[in-house]
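Engineer:
There are 2 protein chains.
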Amino acid sequence: MTAPTELHHPPISDVAITDVLFALSDPARLALARQLVDGPMDMAACSATGGPVPKATKSHQLKVLREAGVVRNVPKGRGRLLSLRRDELDAVFPGLLDSVLGTR
Amino acid sequence: MTAPTELHHPPISDVAITDVLFALSDPARLALARQLVDGPMDMAACSATGGPVPKATKSHQLKVLREAGVVRNVPKGRGRLLSLRRDELDAVFPGLLDSVLGTR
DNA sequence: CCAATGGTTCAACTATTGTCGAACCATGAC
DNA sequence: GTCATGGTTCGACAATAGTTGAACCATTGG
Numbered sequence: 001m002t003a004p005t006e007l008h009h010p011p012i013s014d015v016a017i018t019d020v021l022f023a024l025s026d027p028a029r030l031a032l033a034r035q036l037v038d039g040p041m042d043m044a045a046c047s048a049t050g051g052p053v054p055k056a057t058k059s060h061q062l063k064v065l066r067e068a069g070v071v072r073n074v075p076k077g078r079g080r081l082l083s084l085r086r087d088e089l090d091a092v093f094p095g096l097l098d099s100v101l102g103t104r
Numbered sequence: 001m002t003a004p005t006e007l008h009h010p011p012i013s014d015v016a017i018t019d020v021l022f023a024l025s026d027p028a029r030l031a032l033a034r035q036l037v038d039g040p041m042d043m044a045a046c047s048a049t050g051g052p053v054p055k056a057t058k059s060h061q062l063k064v065l066r067e068a069g070v071v072r073n074v075p076k077g078r079g080r081l082l083s084l085r086r087d088e089l090d091a092v093f094p095g096l097l098d099s100v101l102g103t104r
């Protein structure tokens with residue numbers, strides 16, 4: 001098995017719109033995604049709810065977003081850098097992120 | 001209790017975007033919603049998967065869509081008429097239905 | 001009225017998701 | 001190397017969601 005420092009990201013062509021919708025259908029996950037609209041962010045810097053969330057929980061929430069093709073999660077220093085897969089998603093599901101992440 | 005012939009539809013202001021996303025995050029429910037984009041449809045006429053679905057299952061799937069504010073379900077003759085709550089949803093979540101229901 | 005059609009609801013069950021402690025892994029600082 | 005920091009993974013459990021038969025309800029047609 002490969003070093004788990006590089007996590008798996010599905011090719012965007014393997015991502016179904018239902019996967020994306022499901023990933024964003026949870027308030028905590030949606031909140032995480034919205035923190036990335038203005039650009040990449042250190043994982044340590046973004047918070048799911050504002051309150052304290054166990055790191056296992058946060059890691060799991062981001063895993064769902066990652067496996068749904070919504071976010072990218074790459075090593076950076078001793079932490080990780082998160083980013084939206086904006087361009088790719090816009091190409092396949094035009095307007096989706098705009099409407100979902102833009103609406104309050 | 002009131003006659004269950006009139007089902008409950010949440011005011012659109014009570015509908016969270018996460019409710020809508022969740023309702024549409026299931027392939028069968030998404031397929032149902034997509035059959036309504038061109039206008040209202042008799043419930044008996046729309047099929048969830050193409051294959052045979054027990055009526056209890058179909059009723060349940062539509063209940064999720066209804067309670068998420070996505071579809072309206074009113075009595076019509078001895079059956080029911082389904083429709084998207086297009087205008088209301090467009091007002092609150094602009095572009096959402098366009099991008100979700102429009103994309104293949 | 002009665003029967004057929006179309007649908008909802010209930011209840012019981014299965015299956016999927018979510019949560020989080022504990023153990024483990026990688027990197028950077030020293 | 002060692003320690004601290006930041007994160008993933010595993011495993012067990014809790015909670016939520018999905019499926020479906022059976023019972024029931026409403027409407028239309030005869």
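Same order as they appear, the protein sequences are chains A and B.
Going by this note's numbering, 85 is the number at position 85 of the first sequence; the sequence numbering is gapless.
Going by this note's numbering, 90 is the number at position 90 of the second sequence; the sequence numbering is gapless.
Cβ atoms here follow ideal geometry from the backbone N, Cα and C, with glycine treated the same way.
Tell me, which residues are paired with D19(A) by DSSP?
Structural biologist: Answer by DSSP bridge pairing: none, since D19(A) is not bridged.
Engineer: What three-state label does DSSP hand D38(A) in the structure shown?
Structural biologist: D38(A): coil per DSSP, three-state reduction.
Engineer: Can you tell me which of R29(B), R86(B), R34(B) puts its alpha carbon nearest to the alpha carbon of V53(B)?
Structural biologist: When only C-alpha atoms are compared, the closest one is R29(B).
Engineer: Smallest Cα separation from A44(B): which of D90(B), D38(B), K55(B), R34(B)?
Structural biologist: For the residues D90(B), D38(B), K55(B), R34(B), the minimum Cα distance to A44(B) belongs to K55(B).
Engineer: When DSSP labels each residue in this structure, what does L84(A) get in the three-state scheme?
Structural biologist: L84(A): strand per DSSP, three-state reduction.
Engineer: In whole angstroms, what is the alpha-carbon distance linking D19(B) and T18(A)?
Structural biologist: Rounded to the nearest angstrom, the two C-alpha atoms are 14 Å apart.
Engineer: Do S13(A) and S25(B) have their CB atoms nearer than 7 Å?
Structural biologist: The answer is no: Cβ separation not under 7 Å.
Engineer: Are the segment 81–89 of chain A and the segment 32–40 of chain A touching, with three or more C-beta to C-beta distances below 8 Å?
Structural biologist: With the cut-off at 8 Å, the segment 81–89 of chain A and the segment 32–40 of chain A touch.
Engineer: What residue from V15(B), A31(B), L97(B), K63(B) has the CA that sits closest to G48(B)'s CA?
Structural biologist: Residue identity check: residue 48(B) is Ala in the sequence provided, not Gly. Among V15(B), A31(B), L97(B), K63(B), the Cα nearest to that of A48(B) is on A31(B).
Engineer: Is there a C-beta anywhere in chain B that falls below 7 Å from the one on L96(A)?
Structural biologist: So, interface residue.
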